[in-house]
Amino acid sequence: MTEAERPAGDAAEPAPPRQRIGLRLAYDGGAYSGWQSQPQRQTVQGMLAAAIATIDPTADELRGSSRTDAGVHALDQVAAFSCSRPLEPEVWQRAINANLPRDIVVLSAWKAAADFDPVGAAVRKRYRYRLYDNPVRPVFGRQHVWRQPCRLDVDAMRLAAGGLVGEHDFTSFETASSQRRTKVRTIYDLSVMRQDAFDHPAAEVHVEVEGNGFLYNMVRIIVGSLVMVGAGRRSPSWLAEALAARHRPAAGPTAPAHGLMLLSIHLDASAAD
Numbered sequence: 000m001t002e003a004e005r006p007a008g009d010a011a012e013p014a015p016p017r018q019r020i021g022l023r024l025a026y027d028g029g030a031y032s033g034w035q036s037q038p039q040r041q042t043v044q045g046m047l048a049a050a051i052a053t054i055d056p057t058a059d060e061l062r063g064s065s066r067t068d069a070g071v072h073a074l075d076q077v078a079a080f081s082c083s084r085p086l087e088p089e090v091w092q093r094a095i096n097a098n099l100p101r102d103i104v105v106l107s108a109w110k111a112a113a114d115f116d117p118v119g120a121a122v123r124k125r126y127r128y129r130l131y132d133n134p135v136r137p138v139f140g141r142q143h144v145w146r147q148p149c150r151l152d153v154d155a156m157r158l159a160a161g162g163l164v165g166e167h168d169f170t171s172f173e174t175a176s177s178q179r180r181t182k183v184r185t186i187y188d189l190s191v192m193r194q195d196a197f198d199h200p201a202a203e204v205h206v207e208v209e210g211n212g213f214l215y216n217m218v219r220i221i222v223g224s225l226v227m228v229g230a231g232r233r234s235p236s237w238l239a240e241a242l243a244a245r246h247r248p249a250a251g252p253t254a255p256a257h258g259l260m261l262l263s264i265h266l267d268a269s270a271a272d
């Protein structure tokens, strides 16, 4: 019915109320150019947006807590979107999963506050990087580890890691082209531990980092620097010296993306599901 055909005094139909849906999801990032949507690139955000649009074409404002890089995986990414279709969260979860590829899955969904922002609500993020230093190359899970040519000294790596815990300027551990306003971040925990692999005992070294936020490639540069210590190419005290230099060349190389996983995101209590 056009406005001309509408009887006088007949009010227009009200727009359906919109709701905000929060999601926790996991993905294997091997096939994607990171989380963030990019023109002519396959991304996790792009695949998720397409799956949601299949269910509700009016859905918008899809945001994620962490902009994981190309090839990085996630066990617990947090995202949210706004929509007008009045489905319950568990229905949204099932419907989205039915439209996603097998390397992305929605773990849970909930009704969030209308102003819920996954970026602002994230107060802590934890990442894990997997290193493989067994003499025999891995067969299973090889796409999720960075293989090392020699046995790593875990004790030396732990000693070096202690110098990075706390609030610091992490300029040395950020890709130089970044334009971030402040380079100060807080690391609450930086753990190095030896773990069994699927095919060999004690064949992996896991580096886990938890902080209030991270600079571009910060975790991967920390891992690349710790590997230099573990391989005996630098002393444990060198990492603190690299931090104090506030100069990217002072630190070690950037570890490959495929060994990194976003392990968990802690939300502000008022925003948590």
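So the sequence shown is numbered by this note's numbering: it starts at 0 and just counts up by one. Glycine included, C-beta positions come from ideal geometry on N, C-alpha and C. Treat the numbers as computed from the prediction; the structure is a model and nothing was measured.
* To do: List in chain order: all unbroken alpha helix (DSSP H) runs of 4+ residues lying wholly within the stretch 100 to 176.
  => 117 to 120, 153 to 160
* May I ask which residues mark the beginning and end of the alpha helix (DSSP H) holding E275? => Past the boundaries of the shown model lies residue 275; the chain is included only from 0 to 272, so the question cannot be answered.
* To do: Rounded to whole angstroms, what's the CA-CA distance from S107 to Q37? Just pull it up for me.
  => 26 Å
* Identify the residues that DSSP records as bridge partners of A249: which are they? -> A249 is not bridged to any residue.
* Asked: Can you list, in chain order, the residues of its chain whose CB lies under 6 Å from that of W34, leaving out five sequence neighbours each side?
  -> V43, Q44, G63, R66, T67
* Own chain partners of S83 with C-beta closer than 6 Å, once the 5 adjacent residues on each side are dropped -> P15, R17, T57
* Which class does M260 belong to by DSSP, given the choice of helix, strand or coil? -> strand
* Cα-Cα separation, P134 to R19 -> 50 Å
* Asked: Taking buried to mean at least 16 other C-beta atoms within 10 Å of its own C-beta, is M0 buried or exposed?
  -> In this prediction, M0 has a pLDDT of 47, which is less than 50 and means its spatial position is unreliable; what the coordinates show is noted afterwards. Per the 10 Å Cβ criterion, exposed.
* Beta-carbon proximity list for A79, same chain, < 8 Å, skipping 5 on both sides -> R19, I20, G21, L22, E60, L61, R62, A111, F115, D116, P117
* Cβ-based neighbour list, A94, same chain, cut-off 6 Å, excluding 5 preceding and 5 following -> I54
* Which runs of the alpha helix (DSSP H), 4 residues or longer, sit entirely within the stretch 41 to 79? -> 43 to 54
* Asked: How long is the line joining the alpha carbons of R141 and D132, rounded to whole angstroms?
  -> 12 Å
* To do: Apply the 10 Å Cβ neighbour rule to M192 and answer buried if 16 or more other Cβ atoms are within range, or exposed otherwise.
  => exposed
* Asked: For H205, which beta-bridge partners are listed by DSSP?
  -> R129, M192
* To do: Compute the distance between the beta-carbons of L262 and E203, then report whether it is under 8 Å.
  => no
* Which class does G229 belong to by DSSP, given the choice of helix, strand or coil? -> helix
* Over what stretch of residues does the alpha helix (DSSP H) that includes Q92 continue unbroken? -> 88 to 97
* **Sequence-distant residues of its chain with Cβ nearer than 6 Å to G223 (five each side left out)** => G251, P252, T253, A254
* To do: Starting from the Cα of T185, find the closest Cα among Q39, P85, M217, A159 and give me that residue.
  => M217
* Is R180 helix, strand or coil by DSSP? -> coil
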